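In this text, residue positions in the sequence shown follow our numbering: the first is 18, and each later residue adds one. Below you'll find the structure, written out as structure tokens, and then a few comments.
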Amino acid sequence: MKKVTKAIFPVAGLGTRFLPATKSIPKEIMTLVDRPLIQYAIDEARAAGIKEFIFVTSRGKGALEDYFDHSPVLEQELRKKGKDKLLEVLKTTNMDSGAIAYIRQHKALGLGHAVWCARRLLDPKEPFAVILPDDVIAAEKPCLQQMVEAYEELGATGSMVASMEVPADKVSAYGVLDVKDDMGSTVSVKGMVEKPAPGTEPSNLAVIGRYILDPAVMKNLNQMKSGAGGEIQLTDAIADEIGTERGVYGYRFAGQRFDCGSKAGFLQATISFGLSREDLRDELQEYLDELSAVRAAAQ
Ligand code: UTP
Numbered sequence: 018m019k020k021v022t023k024a025i026f027p028v029a030g031l032g033t034r035f036l037p038a039t040k041s042i043p044k045e046i047m048t049l050v051d052r053p054l055i056q057y058a059i060d061e062a063r064a065a066g067i068k069e070f071i072f073v074t075s076r077g078k079g080a081l082e083d084y085f086d087h088s089p090v091l092e093q094e095l096r097k098k099g100k101d102k103l104l105e106v107l108k109t110t111n112m113d114s115g116a117i118a119y120i121r122q123h124k125a126l127g128l129g130h131a132v133w134c135a136r137r138l139l140d141p142k143e144p145f146a147v148i149l150p151d152d153v154i155a156a157e158k159p160c161l162q163q164m165v166e167a168y169e170e171l172g173a174t175g176s177m178v179a180s181m182e183v184p185a186d187k188v189s190a191y192g193v194l195d196v197k198d199d200m201g202s203t204v205s206v207k208g209m210v211e212k213p214a215p216g217t218e219p220s221n222l223a224v225i226g227r228y229i230l231d232p233a234v235m236k237n238l239n240q241m242k243s244g245a246g247g248e249i250q251l252t253d254a255i256a257d258e259i260g261t262e263r264g265v266y267g268y269r270f271a272g273q274r275f276d277c278g279s280k281a282g283f284l285q286a287t288i289s290f291g292l293s294r295e296d297l298r299d300e301l302q303e304y305l306d307e308l309s310a311v312r313a314a315a316q
């Protein structure tokens, strides 16, 4: 069975929704509590068995590359001061030499184009994962791990996208699946459309930023057709696989997804991750209770 061991992290977007912060800070370095978004994505990939991490970056993303470097001076300082716990935390950010590769997307032409930029770093016969770090998923079993298991159950062939049900008035903001067979967590797909016009959505099952892709998707990206919004859409290259012997599947993951590419989603994630931390929970909850009491009194 073909194992999924490589993951692409497209991080070349401009992050305009977070301007002015993203003028100098890559969106993926913004922190949820005390860890940057990219760390959550890397931890999830590791849990799923990923061994090689490919970042598609762009100008101004230097902080992202620095983040994964070892920092001997800082480590030495912490060791000297006996701060063993912090040393352990720091170690989780260290990557094995050669496990990370960076490639540039010279123009933000869309997610499909970003993934295509990594084509020479992949094995043309092996499926690969794609993780969008701004979709953060809180789950007992990390989302990509759930998907890898489901993908192996299907025989490790074809392409699989993470999906979740979204309210009818929000679905047109997503890639949306047209379901052929519903097998529970996994569905087979007969159609897929990126940001459908409101009222034309084939279902309310939206595509979320985790993918396991057959290498044929990369061949489809070679055609470089621009799609919705004039961008080269990954959704279109995956949709081209529908009806082939490989096929396309959606996977309803167990967990809560936060859209950390939007300000409201980022704030919700901050509160939720804060409340899940033992060292912060009580203080934060007390503050939230106070806040709602003040709001209730003002109404
Ligand atoms: P977004 O749609 O969130 O775009 O991209 P963005 O540029 O990051 O953010 P806004 O909309 O301007 O605020 C989804 C993911 O695809 C990557 C982004 O880095 C993000 O991880 N992406 C998008 C690229 O790598 N290249 C692109 O050309 C477009």
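Just so you know, even glycine gets a beta-carbon here, dropped at the ideal spot from N, CA and C. Given the structure is predicted, the values throughout are model-derived calculations rather than measurements.
Looking only at DSSP bridge pairs, what is residue i linked to?
i, result
"residue 241", "Partner(s): none; residue 241 has no beta bridge."
"residue 181", "223"
"residue 209", "194"
"residue 119", "72"
"residue 24", "70 and 146"
"residue 301", "Per DSSP, none; premise fails for residue 301."
"residue 49", "52"
"residue 199", "204"
Take residue i and list the residues in its own chain whose beta-carbon comes closer than 7 Å to its own, dropping the five residues that flank it on each side.
i, result
"residue 215", "189"
"residue 183", "191, 221 and 223"
"residue 225", "152, 179, 180, 181 and 274"
Can you find the residues in the same chain that come closer than 6 Å, C-beta to C-beta, to residue i, ignoring five residues on each side of it along the sequence?
i, result
"residue 134", "73, 120 and 122"
"residue 154", "160, 272 and 274"
"residue 248", "127"
"residue 228", "147 and 178"
"residue 276", "282"
"residue 112", "85"
"residue 129", "238, 249, 250, 251 and 254"
"residue 21", "144, 146, 165 and 229"
What do you reckon, are the CB atoms on residue i and residue j nearer than 8 Å?
i, j, result
"residue 230", "residue 165", "no"
"residue 345", "residue 221", "Since the first residue of the chain shown is 18 and the last is 316, residue 345 is not available in this structure."
"residue 132", "residue 251", "yes"
"residue 25", "residue 80", "no"
"residue 177", "residue 192", "no"
"residue 31", "residue 125", "yes"
"residue 110", "residue 84", "yes"
"residue 206", "residue 266", "yes"
"residue 149", "residue 27", "yes"
"residue 89", "residue 232", "no"
"residue 175", "residue 264", "yes"
"residue 253", "residue 211", "yes"
Identify, in the order they occur along the chain, each residue of the same chain with its Cβ nearer than 8 Å to the Cβ of residue i, setting aside the five sequence neighbours on each side.
i, result
"residue 48", "54"
"residue 107", "88, 91, 92 and 95"
Any C-beta of chain D sitting closer than 8 Å to the C-beta of residue i?
i, result
"residue 214", "As a matter of chain content, chain D is missing from the structure shown, which is built from one protein chain."
field: Runs of beta strand (DSSP E) wholly within the region 54-104 (minimum 3 residues, chain order)
entry: 69-74
- prompt: Is the region 57-76 touching the region 297-308, taking contact as three or more C-beta pairs under 8 Å?
  reply: no
task: Evaluate contact between the region 198-213 and the region 250-270, counting only Cβ atoms and requiring at least three cross-stretch pairs below 8 Å.
output: yes
task: Could you name each continuous beta strand (DSSP E) segment of 3 residues or more that falls completely within the region 229-286, going from the start of the chain to the end?
output: 265-269 and 273-276
message: Could you check whether the region 165-184 touches the region 289-301, counting it as contact only if at least three pairs of C-beta atoms, one from each stretch, sit closer than 8 Å?
response: no
Runs of beta strand (DSSP E) wholly within the region 124-190 (minimum 3 residues, chain order): 145-148, 152-155 and 176-182
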